[in-house]
Amino acid sequence: MSSLPPIFDGMGQAMKYMAEHQRVIAENIANNETPGFKARTVDAPDFSSLVSQYGVAGTPRVSRPKVELSSGMAALGARPPLAGSHVVLDGDTTETKPDGNNVTLEDQLLTLGQVQADFAAMTNLYRKQMGLMKTALGRG
Numbered sequence: 005m006s007s008l009p010p011i012f013d014g015m016g017q018a019m020k021y022m023a024e025h026q027r028v029i030a031e032n033i034a035n036n037e038t039p040g041f042k043a044r045t046v047d048a049p050d051f052s053s054l055v056s057q058y059g060v061a062g063t064p065r066v067s068r069p070k071v072e073l074s075s076g077m078a079a080l081g082a083r084p085p086l087a088g089s090h091v092v093l094d095g096d097t098t099e100t101k102p103d104g105n106n107v108t109l110e111d112q113l114l115t116l117g118q119v120q121a122d123f124a125a126m127t128n129l130y131r132k133q134m135g136l137m138k139t140a141l142g143r144g
């Protein structure tokens with residue numbers, strides 16, 4: 005278990021998620037003209053482990069549902085996610101080009117702007133939490 009409060013673990017997970025999301029968006033933009041390329045995104049992080057440690061016997065806990073690929077889903081063309089990867093096909097695309105590519109630069113840039121704003125907010129939150137910790141220790 006970490007010696008830091010759980011909020012720092014959560015902020016760390018969120019920042020790693022945003023960095024990975026930014027990398028995937030950059031790949032989407034780089035493959036904007038690649039025939040057949042499908043836009044990808046990153047699954048949101050699972051913060052249930054941060055909440056579950058406070059669960060008491062008999063109280064509900066937060067958990068992320070596990071989706072397994074059935075034979076019917078596979079028959080329709082669904083593919084299982086890569087092991088250990090949180091990168092998935094983006095189901096929220098606005099158009100598909102005649103060559104099968106569904107990357108739209110406008111959508112990618114809007115998403116990138118949101119990731120940037122979220123990262124700035126998380127960095128600010130981290131800075132404020134560190135200031136509170138320093139104040140509590142008498143060093144601020």
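Quick note: the sequence shown uses the working numbering, first residue 5, plus one each step.
Glycine residues also receive a C-beta, built at the ideal position from the N, C-alpha and C atoms.
Span separating the alpha-carbon of residue i from that of residue j
| i | j | result |
| --- | --- | --- |
| residue 115 | residue 95 | 14 Å |
| residue 77 | residue 92 | 15 Å |
| residue 117 | residue 123 | 10 Å |
| residue 81 | residue 131 | 45 Å |
| residue 143 | residue 90 | 39 Å |
| residue 12 | residue 121 | 19 Å |
| residue 139 | residue 49 | 30 Å |
| residue 72 | residue 135 | 43 Å |
| residue 87 | residue 79 | At residue 87, the pLDDT of 49 sits below 50, so the modelled position is not reliable; the number obtained from the coordinates is stated separately. So the two alpha carbons sit approximately 20 Å from each other. |
| residue 1 | residue 75 | Limits of the chain in this structure are 5 at one end and 144 at the other, which puts residue 1 out of reach. |
| residue 103 | residue 28 | 21 Å |
Among the options, nearest to residue i - alpha-carbon criterion
| i | options | result |
| --- | --- | --- |
| residue 30 | 81, 101, 111 | 111 |
| residue 38 | 117, 134, 13, 100 | 100 |
| residue 107 | 10, 45, 123 | 45 |
| residue 47 | 75, 40, 32, 21 | 21 |
| residue 10 | 143, 133, 139 | 133 |
| residue 34 | 113, 75, 72 | 113 |
Beta-carbon gap between residue i and residue j smaller than 8 Å
| i | j | result |
| --- | --- | --- |
| residue 109 | residue 36 | yes |
| residue 137 | residue 19 | no |
For residue j and residue i, believed in contact at Cβ under 8 Å, the rounded distance
| i | j | result |
| --- | --- | --- |
| residue 97 | residue 43 | 5 Å |
| residue 119 | residue 26 | 5 Å |
| residue 105 | residue 40 | 6 Å |
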